[in-house]
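J.: Keeping their order, the protein sequence lines are chains A and B. If you read the first sequence in this note's numbering, its first letter stands for residue 1, the second for the next number, and so on. If you read the second sequence in this note's numbering, its first letter stands for residue 1, the second for the next number, and so on.
Number of protein chains: 2
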Amino acid sequence: MNIKEVATRTGLPAKTIRYYEDIGLVTPDRADNGYRSFDRTHVHKLAFLARARGLGFSIEDCRGLLALWEDRDRASGDVRAIAKAHLAEIEEKIAGLEEMRATLSDLVAACHGDDRPDCPILKRLESG
Amino acid sequence: MNIKEVATRTGLPAKTIRYYEDIGLVTPDRADNGYRSFDRTHVHKLAFLARARGLGFSIEDCRGLLALWEDRDRASGDVRAIAKAHLAEIEEKIAGLEEMRATLSDLVAACHGDDRPDCPILKRLESG
DNA sequence: ATAAAGGTTCCAGTAATGGGAAGGTCAAGC
DNA sequence: GCTTGACCTTCCCATTACTGGAACCTTTAT
Numbered sequence: 001m002n003i004k005e006v007a008t009r010t011g012l013p014a015k016t017i018r019y020y021e022d023i024g025l026v027t028p029d030r031a032d033n034g035y036r037s038f039d040r041t042h043v044h045k046l047a048f049l050a051r052a053r054g055l056g057f058s059i060e061d062c063r064g065l066l067a068l069w070e071d072r073d074r075a076s077g078d079v080r081a082i083a084k085a086h087l088a089e090i091e092e093k094i095a096g097l098e099e100m101r102a103t104l105s106d107l108v109a110a111c112h113g114d115d116r117p118d119c120p121i122l123k124r125l126e127s128g
Numbered sequence: 001m002n003i004k005e006v007a008t009r010t011g012l013p014a015k016t017i018r019y020y021e022d023i024g025l026v027t028p029d030r031a032d033n034g035y036r037s038f039d040r041t042h043v044h045k046l047a048f049l050a051r052a053r054g055l056g057f058s059i060e061d062c063r064g065l066l067a068l069w070e071d072r073d074r075a076s077g078d079v080r081a082i083a084k085a086h087l088a089e090i091e092e093k094i095a096g097l098e099e100m101r102a103t104l105s106d107l108v109a110a111c112h113g114d115d116r117p118d119c120p121i122l123k124r125l126e127s128g
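#1: Could you name the residues of the segment 71-93 of chain A whose beta carbon sits closer than 9 Å to any beta carbon of chain B, in the order they occur along the chain?
#2: Below 7 Å on C-beta distance, what does D115/B contact in chain A?
#3: DSSP beta-bridge partners for S127/A?
#4: Return the Cβ separation of D118/B and S76/A in integer angstroms, given the expectation that the two are a contact with Cβ distance under 8 Å.
#5: Anything in chain A within Cβ reach of H112/B, meaning under 7 Å, just list it in chain order.
#6: Measure from the alpha carbon of G35/B to the alpha carbon of each residue in I90/B, H86/B, E5/B, then state which is nearest.
#7: Just the chain B side, please: which residues come within less than 7 Å of L68/A by C-beta, in chain order?
#8: Does the Cβ-Cβ distance between M100/B and G96/A come in under 7 Å?
#9: Spatial neighbours of P13/B within its chain, please: C-beta separation below 8 Å, excluding the five flanking residues on both sides.
#10: Assuming L87/A contacts A83/B (C-beta within less than 8 Å), just tell me the rounded distance between them.
#11: Going by DSSP in three states, S105/B sits in which element: helix, strand or coil?
#12: Name, in chain order, the residues that DSSP records as bridge partners for D29/A.
Structural data, given as structure tokens:
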């Protein structure tokens, strides 16, 4: 299977698939003409990566998850630990963004938003 | 005023202040020895930048906000538009992260997390 | 024969810094 | 006067996870 079809099947851009090969996440075979040749397991692996990335796991997280995935004897506790750490990060990010949202929506609400030069948003950025 | 003091006053790392000069956000004077020389207005501007960045405005947003801030005749509607767009972005990010959190916390809850190799998290990543 | 659609490698750029090298400057202490 | 240490300078490389583009080769269809 050539790269374009893999791209269609996994939803990953061809560029990204090549990049994943570069950094050692997949190792497709090569045909005589130099084209990458993917089989079912490669596609499966890439689809796994696409989903994990979609859930916001970093590339390095994915590397770890892949290793665990391919290790028949892995402990599910290891996977859980990665997922839990990731969950904590997500929750932190959400908290930060919610703080921003609160401040910003206060500011937007306070701003009359017309042609007058008086603007509470800038005032706030000016003086803290 | 030398860069270190400005860094202390604004909370921005010296590196970042130099970078902001590079990209044209501030233009400190230069002393005879080549050192950057900041005055009150520079510090004020940098403090403004620090706050705006702290609220998650991008550098380019900041450039726009700074221009409006320095324009005595600006319309507060312009500022409000930037802030509203940013608010919308933040809300999108929060929504995305909350989806991830929901999925992940389901997965973590479903995973027994012991030494057995059976892991619902990997199963889910495997089959979508 | 030619053109389109695919494939390849490599180089550079993104956002917003951070790290560190190599070297100039300044103030204090001896 | 000299040294030490803290500060300043510029410059280049690294980060994350790709994305775009150039230059070039292969396959397929007309």
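The C-beta atom is built at its ideal place from N, Cα and C for all residues, glycine as well.
T.: Let me spell this out:
#1: Listed by position along the chain: D71, R72, D73, R74, A75, S76, G77, D78, V79, R80, A81, I82, A83, K84, H86, L87, I90, E91, K93.
#2: Taking the first residue of the second sequence as 1, we reach residue 115/B at position 115. Those within 7 Å of D115/B in chain A are A75, G77.
#3: The residue labelled residue 127/A in the question sits at position 127 within the first sequence. S127/A is bridged by DSSP to nothing; it lacks a bridge partner.
#4: Residue mapping note: residue 118/B aligns to position 118 of the second sequence, counting from 1. Residue mapping note: residue 76/A aligns to position 76 of the first sequence, counting from 1. The beta carbons of D118/B and S76/A sit about 6 Å from each other, so the pair counts as a contact at 8 Å.
#5: Walking along the second sequence from the start, residue 112/B turns up at place 112. Within chain A, the residues near H112/B are S76.
#6: Here residue 35/B corresponds to residue number 35 of the second sequence, with the count starting at 1. It is Tyr, not Gly, that sits at residue 35/B in the sequence shown. Distance check between Y35/B and each of I90/B, H86/B, E5/B places E5/B closest, using alpha-carbon atoms only.
#7: Position 68 of the first sequence holds residue 68/A. The answer, in chain order, is L122.
#8: One-based indexing of the second sequence puts residue 100/B at position 100. One-based indexing of the first sequence puts residue 96/A at position 96. It is not a contact, given that the beta carbons lie outside the stated cut-off.
#9: Along the second sequence, read from residue 1 onward, the residue named residue 13/B stands at position 13. Taken in chain order, the residues that qualify are A7.
#10: Within the first sequence, residue 87/A is the residue found at index 87, counting from 1. Within the second sequence, residue 83/B is the residue found at index 83, counting from 1. About 31 Å separates the beta carbon of L87/A from that of A83/B, a gap too long to meet the 8 Å contact definition.
#11: Here residue 105/B is taken as the residue at index 105 of the second sequence, counted from 1. Helix at S105/B.
#12: Taking the first sequence and counting its residues from 1, the one referred to as residue 29/A is at position 29. D29/A is bridged to S37/A.
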